[in-house]
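S.K.: Positions 26 to 343 (our numbering) are the ones given, in order, by the sequence shown. The structure's right below; bear with me while I get my questions together.
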Amino acid sequence: MDLCVTIKGVSFLLQAGLGILANTLVLLAYVHIMLTDAQLQPVDSILCHLAFADLLLLLTRCVPQTMTVFGMKNLLDDAGCKAVIYTYRIARALSVCITCMLSVFQAVTVAPAAGPLLSGLKIRLPRLVVPTFVMLWFINMAVCIAAPFFSVAPRNGTVPPFTLNLGFCHVDFRDNLSYVINGVAVSVRDFAFVGVMLGSSSYILVLLHQHGRKVRGMRRSQGATMETRAAKTVVMLVVLYVVFFGIDNIIWIYMLTVPQVPPVVADMRVFFSSCYASLSPFLIISSNKKVKARMVCATSSDQERQAEDSKDSKAAKN
26 MDLCVTIKGV SFLLQAGLGI LANTLVLLAY VHIMLTDAQL QPVDSILCHL
76 AFADLLLLLT RCVPQTMTVF GMKNLLDDAG CKAVIYTYRI ARALSVCITC
126 MLSVFQAVTV APAAGPLLSG LKIRLPRLVV PTFVMLWFIN MAVCIAAPFF
176 SVAPRNGTVP PFTLNLGFCH VDFRDNLSYV INGVAVSVRD FAFVGVMLGS
226 SSYILVLLHQ HGRKVRGMRR SQGATMETRA AKTVVMLVVL YVVFFGIDNI
276 IWIYMLTVPQ VPPVVADMRV FFSSCYASLS PFLIISSNKK VKARMVCATS
326 SDQERQAEDS KDSKAAKN
């Protein structure tokens, strides 16, 4: 195994391993919160759903990609490729949709109640979270339904033109028209959601700036502090997504201009398109006191249990 393949394999392994671990910890923390507090707050529900979508993305893209890089062949048959690619497309779409939903929700939450329409929306907003989840799942399942028809297991021989060679699967678009239409449709959808999240995040930043000027020299209330912290976390998540979205789409636009995509370019796109899914849970853990508190409690419990076991073993020896 040469140095280039080793570096690529280790990069994918670290990305998949750390991302899966971090997203799993976030999900377990929210499950614990739900069991102890009986109900998740709307923002916590959105973040929990985001962690689930990102975990699904990493499992269906980074894990098989890592296995392929390290030389494992014939991982999936045609049916397996169709299922994995379809699930990945849904997870990727949900990641951008839920990040957009999070930014819009937070923008409405921190917005001053300027009229009866906005005031009514603020009251109804928590009840709209679950229906929005259901709507996003059904919409993306319908939009991504074409993905399985183009997905096949790798064949022996050369890769046909207008085929995305993922290593573990091929996405064969048959001709240039379907190849470009698919690429443009995905890009338009993503740019639309990114535009909305940028607009809502810019609005949040303006409100935070105004709020900072008003409370300067005054004692801040606990509620305002928590609300400001949540808004800053949302803005940081959006910035993180936009950075990797930009890199991903620069590579994607290049891929649309060539009939045969070099494997190294496809690998680079997979890596950068999965960076948000692997890094966002660390941002949630570092900025969310509820999640951090559950992890600290779990660590303290483990240390106490180990200390008790050590005392028991010493007592037994004596």
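From the three backbone atoms N, C-alpha and C, an ideal C-beta is built for every residue, glycine too. Here the structure is a predicted model, which means the values were calculated and not measured.
Determine the contact status of Ile206 and Leu262, defining contact as a CB-CB distance below 9 angstroms.
M.R.: Result no, Cβ atoms of Ile206 and Leu262 do not sit closer than 9 angstroms.
S.K.: Can you tell me where the beta strand (DSSP E) holding Asn190 begins and where it ends?
M.R.: From DSSP, the beta strand (DSSP E) with Asn190 extends over 188 to 190.
S.K.: Does the segment 119 to 131 come close enough to the segment 212 to 229 to have 3 or more Cβ pairs within less than 8 angstroms?
M.R.: At 8 angstroms Cβ cutoff, the stretches touch.
S.K.: For Val196, name the three-state secondary structure that DSSP assigns.
M.R.: The answer is strand: DSSP assigns Val196 an E or B state.
S.K.: Taking Ile110 and Pro173 to be in contact with their CB atoms under 8 angstroms, please state how far apart those CB atoms are, rounded to whole angstroms.
M.R.: At roughly 7 angstroms, the Cβ-Cβ gap stays under 8 angstroms, so Ile110 and Pro173 are in contact.
S.K.: If you draw a straight line from the C-alpha of Thr134 to the C-alpha of Cys169, how long is it?
M.R.: One C-alpha to the other measures close to 31 angstroms.
S.K.: Taking the alpha carbon of Ser120 as the point to measure from, which residue in Pro137, Ser36, Lys98, Ala76 has its own alpha carbon closest?
M.R.: Cα-wise, what sits closest to Ser120 is Ala76.
S.K.: Given 8 angstroms as the limit, is there contact between the segment 256 to 271 and the segment 143 to 161, that is, 3 or more CB pairs closer than that?
M.R.: Contact fails: fewer than three Cβ-Cβ distances are below 8 angstroms.
S.K.: List the whole-angstrom C-beta distance separating Ile276 from Arg294, where the pair is believed to meet the contact cut-off of C-beta under 8 angstroms.
M.R.: The pair is a contact, with the Cβ atoms about 4 angstroms apart (cut-off 8 angstroms).
S.K.: With a CB to CB cut of under 7 angstroms and the five nearest residues on each side skipped, what residues in its chain are close to Gly208?
M.R.: Same-chain partners within the cutoff: Trp277, Leu281.
S.K.: Since Pro89 and Asn190 should fall inside the 8 angstroms C-beta cutoff, what is the C-beta to C-beta distance between them, to a whole number of angstroms?
M.R.: Not really, about 13 angstroms apart at Cβ, beyond 8 angstroms.
S.K.: Tell whether a beta-carbon distance below 9 angstroms holds between Val316 and Ala54.
M.R.: Against a cut-off of 9 angstroms, the Cβ pair of Ala54 and Val316 comes out as a contact.
S.K.: From which residue to which residue does the alpha helix (DSSP H) around Ile148 run?
M.R.: Segment 141 to 168, the alpha helix (DSSP H) holding Ile148.
S.K.: Do you know offhand how far Ala108's Cα is from Leu233's?
M.R.: One C-alpha to the other measures close to 43 angstroms.
S.K.: For the alpha helix (DSSP H) that Lys33 lies in, which residues bound it at each end?
M.R.: Run containing Lys33: 28 to 62, per the alpha helix (DSSP H) assignment.
S.K.: For a quick check, are the C-beta atoms of Ser36 and Val155 less than 9 angstroms apart?
M.R.: Not closer than 9 angstroms, so no.
S.K.: Counting C-beta neighbours from all protein chains within 10 Å, is the total for Val260 16 or more, i.e. buried, or is it exposed?
M.R.: Buried, because 16 or more other Cβ atoms sit within 10 Å of the Cβ of Val260.
S.K.: Who are the near neighbours of Ala210 in its chain, counting only those whose CB is closer than 6 angstroms to its CB and skipping five residues on each side?
M.R.: Here the set comprises nothing.
S.K.: Under 9 angstroms, do Tyr113 and Thr85 count as touching if we go by C-beta distance?
M.R.: Contact flag set, yes.
S.K.: In the DSSP output, which residue or residues are listed as bridge partners for Val264?
M.R.: The partner list for Val264 (beta bridge, DSSP) is empty, contrary to what the question assumes.
S.K.: If you draw a straight line from the C-alpha of Arg245 to the C-alpha of Thr188, how long is it?
M.R.: Residue confidence is low: Arg245 scores 48 on pLDDT, short of 50, so the model does not pin down where it sits. Its coordinate-derived value is still stated next. Arg245 and Thr188: Cα-Cα distance of roughly 57 angstroms.
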